[in-house]
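Structure first, then comments.
Residue numbers (the numbering used here), protein chains in the order written: chain A, 1 to 333; chain B, 1001 to 1048; chain C, 2001 to 2425; chain D, 3001 to 3644.
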């Protein structure tokens, strides 16, 4: 077997190994594109990049000089964090990552004496030598760098109308206990009193699965579904939660577009299914005004529903929300 | 990680066998002995 | 020669280098989110001078009952119990059942004469009782748990003193059994687990004083006179995290024994090994049912109860379940029929199993390991042999109780009958 | 001059000196005995009032009240200020400067002691090497001596700032620590005495590895002992402020000073600080050496300082490795003392400081690795390993990225919308403890691998079982990393209380690599064939700058953790006893702390550079004469080739 064949075999193997998790991950979907096409593009991009790097370096015998490698690596990192990683990460995190990458790419170039010389020699030539090419690039550099700084300054000074960066904890730590209708509710231990099964016992989280699906509004239904019904009445009637949280509990009610941030999307696996029932109880009962210091700037239009609903109604609407979305509350057991 | 001359005399098969043995040994050491004993010391359940 | 200038240049270079590093670090910290932690404002505390006596009364009511409509709560068949947990032992209304501690009923319309005396009026008499002088002598060096020396002069001061130092005066017939009414079953209110702050205690006293007659309010002056200092509005940051369990008042199978005991407030009366909150209860027997239950079933008293048709248990497990579900079925000798009767509405089947499983697993060894011992009035006597600690008052009292058990019981009964404050049963 | 002839005389002299010093050590405790007697006399006179200790339960729960209550400080009366400037910042800066120099003068003797011991032990085998270590120790001592006076000056400034700015607080604290403060001052005098004898007696007591030299080393031991006692005392004041004991709830002193000193956080803080000091000392010496390396004019000098910086860096890292465990212990004790305090640190107000700390630690580890890579430039034969460097660096980068990802992201509402929630589905996984533990253990393991490579880089293995050893090492490291990753991933699937326990086997895996790996590697190097001597002085300039970076990062980490430790008391001078009623009772935001820390570190290094320069100045004249003599002697000879 020729050396080339072995290398080609390994390259394919590597590409496969890399591709497998990527396909799995990209297949998970999300993002603005249709999952299938977009993930195919992503995987293709990565495989192509690896293949061409191998082709250039080993097959054609053209190792890239360090001075080219460095910005190339930087750009690859940037594309990786900015484009390939979906959904997009916030700028603060991107800046942090790119900072680390910048430092480490510099370290990479200066790891050993030979690589440092390879990296710094062209720069030294450009700065010191006295022939035309060096001179030209020198002048170009001394024009470009101040130019970049000027552009950056201009950009900075330009008045901006974007929303300010804020550190907002969407799910701040709840208080230990809250007082609803003059009753103390300890959030750590409180339980939904309407979580009752057919036998009249407390229904463990997860056991309510048997009630999921189907229609709760037909004739004779088990006790649990009766609570769901009443919760539904609160959601669509008494409180009118659907105006903001939507008919499908997806946060897209008729009023929702007026709010920023948008109302919570209960159908998203990152909201109520990540929270304990008592946390939801706290949010419903106390609304935006009771958010803790951590959750600054308290951007929530949620009203304190304890002023309009009874404690029981709040517990029932929570039952309804979980039932409707098919999620289970989080437990710490 | 070495370019020792003596090493060349040792066959690849022998190396693989020894490597596998060592891999299993280190697996036993870390996963079975170390993890287990340290979790037991802390009174915590560890299913492996 | 060219290298000669090196040293100075190096200093500059090195300085530039570390200034760069430091600037980066500083810039990074400035870039991270900035949160300033302000010191809590003192205004959080209740300013006594800024609140009306009515406000204090209302606050006291909330502390005692946890609701502003205790009678309504009672009508629904629930016990109104607030942060202070007073109604667990004290009786505030006719509708309420609690007789472990002196009743605090004050209803002028009540036909029974004794109930017409309000706690405010009664308190003035207490300090004049000759027994109060005895307590003064007994605790001349300071009561051992709270460190207070009884020195109340007015009724209001007495009420305040009783909360800070329940042992400073124990109403006849309401002491821990076997201590000859020298020790009170009441916890020190400004210490854990109740942990009320000064202003809250003043509020509770205000409530008691103003219930019938709003003109009788002297609580703040009493406090200041008793402690000889101004009632500062401290409290604020010392206010404890509220620990009262909430949610449905039903014991569930998904809970731990600890949670059930907390929810059901068993700890108020019983000591239970293995339950961290239940270490001080001094009203009911020590719950080591692995040892107790089998013995109790065999006891002649239980046989008698079975004959009478009240008790039915044949196994230890049945006995425990019976004791929780129907506390009146059999009363352990040396105790009164004091236990709340509504647990049968509060336990789910699985919840009961959890608690029973825990109780049946406790025996003398478990109690010793937890440092718990039987009360003096338990027939079995202390687990620890009495000679271990004869010199302490507690052990002495226990010893005494063993021999004088009968007489004490008799005298207790007598006292209750003769007392000016009724423990209705 | 001392007459060193005659075995017997030497012995007698050495013993005499030792016993004298022993007596001196006891001296500071004499006033304590007298004071105790006086106090006892006073106590008998009046009726003792007893009060309950805030911390000690059961044994000694009550104590005799022997001090005034802490009371309530009132703003304009009990506090001083200079205009609108934050008084606290002035205290902060003077405290930090004093602490830096104090740490330095306490850490250097530790370092010097080890070097001197190695020198003595090496003397038998190779007097040249022994002398090399001995000279190194001597040189460090010289710098310490200059820094010593700076420490004293800064201590004075600190006291004056306290008296001027926080008189009420200082009155209370000095009321409690009155006897200890006197002992402290006396010990300080003793420390200076021993220090001067130690330093100025260096040459006259140097007889290779004879009795005088050993006595000199004993002097060093005493110097260190006194230094550590000094540090412990100062530490008790600080830990008392965090977790008071030995006083009642009103802050009245209960008569037992030992209880006050032995407060709940005292021991872990002391251990943490001793280790921190040692690491810091190594870092500063390494920085000194790299400064001298950069400014060295001859190759010989360069070689000397290159070697010195390596040794110092090594010592620093040795102390750095146990430091996280000491920190873990301290944290646990804080949780045990007041859970509230622990939560404020880890999850509440000060949680972002830990992100900063994470950055510093990542910086430290990357720098150490980078230095080792640079240092291999002076090892012939290391070229074989160049290709692995980038792999190691890549692992470090990945670990750093996981290590730095915060749990709570900073973002605009638009970004929040785009991300579809507060947690990122991919990166969000790195924000939790499991990922952090995995990352840091991976970083330490990588550093150990770098060191193993460093150890063998200029050797050719000759032991017959070398191939077995290599496979064993590879599997040991691979196994450890697999286990670390496995435990990290496993942590996502189990409840939090079990997850916390997983960090212990993770750390144990890392330590296995460290101890077993380095031991096996050392064993394999027995009788190995050298490819070439280490070319000291041939390290790249970047390595020297990396060491400087290391030292600055050390100092900065110290500063930021000091800010953390102090801020956790929030609005208390003495936690839950003496409230801070000044307008500066708030906790400063991280950015302000960062600025002040950078300023502090800048001041410290500038002063230190000055000290370095001073010591060079003192040495310059002597060196010049020596150099001229040497040049005269070397006429006609070949230029000394150094060690390469």
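For glycine and all other residues, C-beta sits at the position ideal for the given N, C-alpha and C.
| Check | Outcome |
| --- | --- |
| Cβ-Cβ distance between residue 2084(C) and residue 2203(C) below 7 Å | no |
| Cβ-based neighbour list, residue 3089(D), same chain, cut-off 7 Å, excluding 5 preceding and 5 following | 3596 |
| Nearest-angstrom Cα separation, counted from residue 3380(D) out to residue 3459(D) | 9 Å |
| Residue 129(A) classed as buried or exposed, judged by whether at least 16 other C-beta atoms fall within 10 angstroms | exposed |
| Where residue 28(A) falls, given that 16 or more other Cβ within 10 Å makes a residue buried | At residue 28(A) the pLDDT is 45, less than 50, meaning the model places this residue with poor confidence; the figure from the coordinates comes in the next sentence. Label assigned to residue 28(A): exposed. |
| Chain C contact for residue 201(A) (CB, 7 Å cutoff) | yes |
| Start-to-end residues for the alpha helix (DSSP H) that takes in residue 3114(D) | 3087-3125 |
| Integer-rounded CB distance, given that residue 2017(C) should sit under 8 Å from residue 3548(D) | 6 Å |
| Straight-line Cα distance separating residue 3519(D) from residue 2035(C) | 47 Å |
| DSSP state of residue 2017(C) mapped onto helix, strand, coil | helix |
| Cβ of residue 2025(C) within 7 Å of any chain D Cβ | yes |
| Short-range partners of chain A found in the stretch 3290-3322 of chain D, where Cβ spacing is below 7 Å | none |
| Collapsed DSSP secondary structure at residue 1036(B) in the structure displayed | helix |
| Unbroken beta strand (DSSP E) run spanning residue 3051(D), endpoints | 3050-3052 |
| Check whether residue 3329(D) and residue 3358(D) have beta carbons under 7 Å apart | no |
| Minimum Cβ-Cβ distance from residue 2179(C) to chain A less than 7 Å | no |
| Chain A contacts made by the stretch 3498-3519 of chain D, where a contact means CB separation under 7 Å | none |
| Per-residue DSSP class, three states only, for residue 3079(D) | coil |
| Contacts that residue 3476(D) makes with chain B (C-beta to C-beta distance below 7 Å) | 1026 |
| CB contact below 7 Å: residue 1032(B) versus chain D | no |
| Contact list for residue 2068(C) against chain A, beta-carbon separation under 9 Å | 182 |
| Buried versus exposed call for residue 2009(C) [16 or more other C-beta atoms within 10 Å across all chains shown] | exposed |
| In DSSP terms, what residue 3503(D) is bridged to | For residue 3503(D), which the question treats as bridged, DSSP gives no partner whatsoever. |
| Closest residue to residue 3145(D) among 3122(D), 3171(D), 3112(D), 3177(D) (Cα-Cα distance) | 3112(D) |
| Contacts of residue 238(A) in chain C (Cβ-Cβ under 7 Å) | Correct list: empty, because the minimum Cβ distance to chain C is about 22 Å. |
| Cβ-Cβ distance between residue 2257(C) and residue 2197(C) below 7 Å | no |
| Minimum C-alpha distance to residue 3258(D) - residue among 3244(D), 3439(D), 3076(D), 3119(D) | 3244(D) |
| 7 Å Cβ cutoff met for residue 3069(D) and residue 3250(D) | yes |
| Contact set between residue 2348(C) and chain A, taken where Cβ atoms lie within less than 7 Å | 201, 202 |
| 8 Å contact criterion, which residue 111(A) and residue 3373(D) should meet: CB distance rounded | 5 Å |
| At least 3 beta-carbon pairs within less than 8 Å: the stretch 263-283 of chain A vs the stretch 1014-1025 of chain B | no |
| Host alpha helix (DSSP H) of residue 121(A) (start-end) | 113-128 |
| Contacts around residue 244(A), its chain only, beta-carbon distance under 8 Å, and the 5 residues preceding and following it disregarded | 251, 253, 255, 256, 259, 263, 301 |
| Three-state secondary structure (DSSP) of residue 3574(D) | strand |
| Endpoints, the beta strand (DSSP E) within which residue 316(A) is located | No beta strand (DSSP E) contains residue 316(A), which is instead part of the alpha helix (DSSP H) from 311-325. |
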